[in-house]
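Residue numbers (my numbering): 14 to 225.
Glycine included, each C-beta is placed from N, C-alpha and C at the ideal position.
All of these numbers come straight from a predicted model, not from anything done at the bench.
What follows is a short report on a single structure.
Below you can see the structure in the form of structure tokens.
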């Protein structure tokens, strides 16, 4: 199922970039079935609702403005238009049996935030972020860190096996290293002991190395 979702998101990101009323819509694949929708243009507002019903067997919601101003109302309208375009493509593939999804869910609308630079704030010569997830790499960039992993490890075992080498190398040239560990939550989702054992061993290795 995860492979199907991954292919579905990659298909969406290959769609021609949409231009609606002068605003550019671009989908960025993050991980698994997750993506980020980037909208650029004039007179936009992040003060709009999401379209996620947050419950099973419920219809996707219509996005609406959170504030009674022209920017919020306009943004809600054009995002709904974009969702309608994507849904038209997905539904066609869904009914042909080529897609498991017939819509997209958009959550937590926001704008590009402005953060302090961690190197300037704490007088560091340099800092870096080691993460196998686009979200944490993005946060690292916002704080002025160098991102070490440019291309995501598709196999979590490869990531954990490389952590000691990555940390050792980066500590030689950075005053601060941020290391992200994500996969422990996968242990809960794994059913059999045979599935859990290799991941458990892979998780233990970097912690022993780091003396945590």
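{"Query": "Hey, how far is the Cα of residue 58 from the Cα of residue 154?", "Result": "23 Å"}
{"Query": "Three-state secondary structure (DSSP) at residue 84?", "Result": "helix"}
{"Query": "Using DSSP's beta-bridge definition, name the partner residues of residue 113.", "Result": "None; residue 113 has no bridge partner."}
{"Query": "Are there three or more Cβ pairs, one per stretch, closer than 8 Å when the stretch 140–149 is compared with the stretch 174–187?", "Result": "yes"}
{"Query": "Taking a contact to mean a Cβ-Cβ separation below 8 Å, would you say residue 52 touches residue 148 in this structure?", "Result": "no"}
{"Query": "From residue 118 to residue 152, what distance separates their C-alpha atoms?", "Result": "22 Å"}
{"Query": "For residue 180, report the span of its beta strand (DSSP E) as first-last.", "Result": "Counting along the chain, residue 180 falls outside any beta strand (DSSP E), though it belongs to the alpha helix (DSSP H) covering 169–184."}
{"Query": "Keeping to the same chain, check which residues put their C-beta closer than 6 Å to that of residue 74; ignore five residues upstream and five downstream.", "Result": "64, 66"}
{"Query": "Take residue 10 as the anchor and find which of 91, 100, 50 has the nearest alpha-carbon.", "Result": "Any question about residue 10 goes unanswered here, given that the chain covers just 14 to 225."}
{"Query": "How big is the Cα-Cα spacing for residue 41 and residue 106?", "Result": "21 Å"}
{"Query": "In angstroms with no decimal places, state the Cα-to-Cα distance between residue 81 and residue 61.", "Result": "10 Å"}
{"Query": "Determine the extent of the beta strand (DSSP E) in which residue 49 is found, giving its start and end residues.", "Result": "47–53"}
{"Query": "Bridge partners for residue 39 per DSSP, in chain order?", "Result": "51"}
{"Query": "Along the chain, where does the beta strand (DSSP E) that runs through residue 61 open and close?", "Result": "Premise fails: residue 61 is in no beta strand (DSSP E) and is neither H nor E."}
{"Query": "Mind reading off the beta-carbon distance from residue 92 to residue 76? Whole number of angstroms is fine, and I expect it under 8 Å.", "Result": "5 Å"}
{"Query": "Taking just the CA atoms, how far does residue 125 sit from residue 50?", "Result": "12 Å"}
{"Query": "Would residue 131 and residue 158 be called neighbours here (beta carbons separated by less than 8 Å)?", "Result": "yes"}
{"Query": "With the cut-off set at 8 Å, would you say residue 189 and residue 156 are in Cβ contact?", "Result": "no"}
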